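Q:
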DNA sequence: CATGAATGAGGATTCATTCAT
DNA sequence: GATGAATGAATCCTCATTCAT
């Protein structure tokens, strides 16, 4: 059980949100492990003990948090979907997306999540499930886009292209972590080349 | 100081290896943070205190893994360097390299290192330095390869291509973590396409 | 930070006192180094972890004793200051002050502080600062007292007399430790002689 | 039992001395508690394990060390005894003796010993016994000196004067610890005044 | 609903001591 | 005699969690 019954469900929802927002700040600053419940409770403006009325454990907060993060990625995909030519949009937006993924603000939390996945089976399952859902959506987008251009849309091609594009962007976050002096303009050019090749072949 | 002097260097090396092997198992199972020294000591078949005769700290153990990783990557680069046409070799070997990077045996520890880097400054510095060294070697290979084909070798192009290729492979490890059912053949094709585009343009 | 905020300051003060009293007992029995936090927590009737809600560290506990000591000495000086003829008062009170300084209840903790100061730089700094403050107060008293008698009050004389008088009393604590059978009446006589000579010359 | 039987007693004595000399260095540098057996063994040029063939425990080293220190004090008294007019010699040598006692080289070890006394009953007993012996010798010197001048030599007077003089010098060590900027010339004057008053009254 | 005082298990690390060689 | 590898108990401190109020 992840949450107690509450008299006023609306108030409870607000409280949960308060905690999750506070957790986001703390997790970004200190990591899942580094952020203590006391730190989170202070940021959430409520007592540490009270948080346990809304979340069964710290892990439950992390879990809710991971779930929350799916929404953010979905939104990104939504933005691309709404464009006239989604495939071309991906290529055209390459500068923005590269710059975004290099920003620590962007990768700190995803990295935190995958790190947690490696030692917390609950988070791992959650995280894989979240990935599955975003993949499904991205796959649909890719399929529609390629059909428009009369390109192959068999499973193998579609899934391979998709995973490779995602590799590129998730790998980019790792690069930002390892090489603080990333050659941004050069990478934008290269990403454009790789994306064109992957999406339009 | 990273290690005490030992009278019998061979025995010491064996002991170090014992600890490292045990640690690898534990880190893979529980993560660097999650694995306690006592857990490691049990797996290594020696007392926790004694480990400190071979490693100055828990950090020093993961540091050893960082170095191990450098050696592994350097060897890979060395293999490519020794080929007649390195650029083409990268493309030709894509099946092997994709399969290797997908193997959990391969990425579990590197990912653990990434994760630790994101919050442990000592490991971060070590890890960035390791990255710098492998980058330098890969860059030289890439430069020589491109010169042979009369392709651009200005800094921007060279560094951008290089970082993008690395993104691809490091991202692949993340994909393997998030999606256990990766479409391997499809990815091999897609990786080949992306690599060709990146290396020969 | 030396202490967390507490909602009920009175209760907190009681708890702090509990810890301090328990610590005093343990420190007297086993020394600062020898007394473990767990030993203190048992004596204080609370968990070891909880002590850290009142004191930031074990050092912070001994720091509290340093301050306590300052207060005690300041009070003594205050008592002398309020007398009509402070210099004469010191000589007249010699019996009481010798007896007090010989009492283990009095010197056990100060001696523990000295000992800790000799190898713990934090405590050393604290302790030196405490000494500076009490010295300043005693010096003023001494100056005023000597001026009344038309005696020399140049820095050299004043500081020399002061430090020598303090040596006498602090040394007395060491003597009590080393020689449990101190010849109290004889020492009172001798202290009177030495103090007269030091204060009125 | 403090020591094993040894085939060659002379060699054993040398070894013991090696350890004690090394210990002196280490204790001064790091304190009794701070100096590890490994540190001492390195300084003594023999293995940690081997030390246990000469001393039953670390405490036994400390004990032997305390015993050793008595000799040093005895020597000081011996120097005074050999003078024509010992009482006057004490007063005349005041500059040297004050300067010596202020030197950290002098008080570091005694302070270490008394600190240890407060938590180690064996050392406490040893230390008190050492004090008793040096006191006896100093008392004899004082008695002879005072008889020469026809001064009172009843127990009360004699012991009181003696303990007070010792207080003065042992207190001086504490002052040096607490006040690094001790007014040395002023203290020499004051010590002379106090000593004259104590010895010749 | 809300607090924060209190717990206690668990973490890394150190070090005196033992013992096989 | 001599070594140093090996042990394991003990240390301070942190923090998720519980619960009386």
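Chains as they are written, first to last, in this note's numbering: chain S, 1 to 201; chain G, 202 to 402; chain R, 403 to 603; chain H, 604 to 804.
All C-beta atoms in this analysis are idealised placements derived from N, C-alpha and C, irrespective of residue type, glycine included.
Source: prediction; values computed, not measured.
1. Helix, strand or coil: which one does DSSP assign to residue 593/R?
2. Can you have a look at residue 781/H and say buried or exposed, based on whether 16 or more other CB atoms are within 10 angstroms of its CB?
3. DSSP on residue 117/S, reduced to helix/strand/coil?
4. Give me the Cβ distance between residue 183/S and residue 357/G, rounded to the nearest whole Å; I'm assuming they're in contact under 8 Å.
5. Taking all protein chains shown into account, decide if residue 591/R is buried (16 or more other Cβ within 10 angstroms of its Cβ) or exposed.
6. What distance in whole Å lies between the Cβ atoms of residue 570/R and residue 541/R, which are believed to be in contact at a cut-off of 8 Å?
7. Shorter than 8 Å from the beta carbon of residue 604/H to some beta carbon of chain R?
8. Taking C-alpha atoms, which residue in 87/S, 62/S, 46/S and 77/S lies nearest to residue 126/S?
9. Once you ignore the five residues that flank residue 711/H on each side, which residues in its own chain have a CB closer than 7 Å to its CB?
10. Just mark residue 131/S as buried or exposed, buried being the case when its beta carbon has 16 or more other beta carbons within 10 Å.
11. Count the other CB atoms, across all protein chains shown, that sit within 10 Å of the CB of residue 49/S; report buried if there are 16 or more and exposed otherwise.
12. Give a yes or no on whether the C-beta atoms belonging to residue 701/H and residue 635/H are separated by under 8 Å.
13. Would you kindly work out how many angstroms separate the C-alpha atoms of residue 470/R and residue 662/H, rounded to a whole number?
14. How close, in whole Å, do the beta carbons of residue 377/G and residue 305/G come, if the pair is a contact with beta carbons under 8 Å?
15. Measure the alpha-carbon distance for residue 587/R versus residue 763/H and round it to whole angstroms.
16. So is residue 498/R buried or exposed if we call it buried at 16+ other beta carbons inside 10 Å?
17. In whole angstroms, what separates the C-alpha of residue 1/S from that of residue 72/S?
18. Locate the alpha helix (DSSP H) running through residue 579/R, then write down its first and last residues.
19. Could you tell me which whole beta strand (DSSP E) segments of length 3 or greater appear in the region 684-749 of chain H?
20. Residues in the same chain with beta-carbon distance under 8 Å from residue 345/G, minus the five sequence neighbours each way, listed in chain order, please.
21. How many Å lie between residue 100/S and residue 76/S at the Cα?
22. Is residue 201/S close to chain G? Criterion is C-beta to C-beta, closer than 8 Å.
23. Helix, strand or coil, according to DSSP, for residue 384/G in the structure here?
24. How would you write the range of the alpha helix (DSSP H) that residue 37/S sits in, first residue to last?
25. Could you pull out every residue in the same chain whose Cβ sits closer than 7 Å to the Cβ of residue 317/G, ignoring the five residues on either side in sequence?
26. Shortest alpha-carbon distance to residue 255/G belongs to which of 282/G, 283/G and 219/G?
27. Extract the residue ranges of the alpha helix (DSSP H) inside the region 406-438 of chain R, only unbroken runs of 4 or more that lie entirely within it.
28. With 16 other CB atoms within 10 Å as the buried threshold, where does residue 64/S fall?
29. Residues in the same chain with beta-carbon distance under 7 Å from residue 736/H, minus the five sequence neighbours each way, listed in chain order, please.
30. Which of the residues in the region 738-770 of chain H, read from start to end, lie with their CB under 9 Å from any CB of chain R?
31. Could you tell me the alpha carbon to alpha carbon distance between residue 112/S and residue 374/G, rounded to whole angstroms?
32. Show which residues of chain R have a CB atom less than 7 Å away from the CB atom of residue 781/H.
33. Figure out for me which residue from 74/S, 136/S and 171/S has the closest Cα to the Cα of residue 311/G.
34. Going by beta carbon distance, what residues of the same chain come within less than 6 Å of residue 236/G, once the five residues before and after it are set aside?
A: In terms of the structure at hand:
1. In the structure shown, residue 593/R adopts helical secondary structure according to DSSP, grouped into three states.
2. Its Cβ being crowded by 16 or more others within 10 Å, residue 781/H is buried.
3. The answer is helix: DSSP assigns residue 117/S an H, G or I state.
4. In this structure residue 183/S is in contact with residue 357/G, their Cβ atoms being roughly 6 Å apart against a cut-off of 8 Å.
5. It counts as buried.
6. So it is not a contact: roughly 16 Å between Cβ atoms.
7. Note that residue 604/H scores a pLDDT of 43, beneath 50, so its modelled location is shaky and nothing firm can be said.
8. Ranking 87/S, 62/S, 46/S and 77/S by Cα distance to residue 126/S puts 62/S first.
9. Cβ contact annotation for residue 711/H (same chain, cutoff 7 Å, sequence separation greater than five): 631, in chain order.
10. Label assigned to residue 131/S: buried.
11. Residue 49/S is exposed by the Cβ-count criterion.
12. No.
13. If you take the alpha carbons of residue 470/R and residue 662/H, they lie about 33 Å apart.
14. Sure, about 7 Å apart at Cβ, within 8 Å.
15. Whole-angstrom Cα-Cα distance: 7 Å.
16. It counts as exposed.
17. Because residue 1/S carries a pLDDT of 43, less than 50, the predicted location of this residue cannot be relied on, and no value is offered for it.
18. Per DSSP, residue 579/R belongs to the alpha helix (DSSP H) from 557-580.
19. Listed in chain order, the beta strand (DSSP E) elements of length 3 or more contained wholly in the region 684-749 of chain H amount to none.
20. Excluding positions up to five away in sequence, the list reads 287.
21. Near 11 Å, if we compare the C-alpha coordinates of residue 76/S and residue 100/S.
22. Yes, contact with chain G.
23. In the three-state scheme derived from DSSP, where H, G and I count as helix and E and B as strand, residue 384/G is classed as coil.
24. First-last of the alpha helix (DSSP H) with residue 37/S: 37-44.
25. Excluding sequence positions up to five before and after residue 317/G, its CB lies within less than 7 Å of the CB of 233, 263 and 324, all in the same chain and listed in chain order.
26. That would be 219/G, whose Cα lies nearest to the Cα of residue 255/G.
27. Taken in chain order, the whole alpha helix (DSSP H) runs of length 4 or more contained in the region 406-438 of chain R are 411-436.
28. Burial call: buried.
29. Hits under 7 Å: 673.
30. Cβ contacts with chain R come from 738, 757, 758, 759, 760, 761, 762, 763, 764, 765, 766, 767, 768, 769 and 770.
31. Their Cα atoms are separated by approximately 15 Å.
32. Close to residue 781/H, with beta-carbon spacing below 7 Å, are these residues of chain R in chain order: 529, 530 and 533.
33. Considering only alpha carbons, the answer is 171/S.
34. Only residues of its own chain outside the window of five on either side were considered, and among them 227 and 228 have a CB closer than 6 Å to the CB of residue 236/G, listed in chain order.
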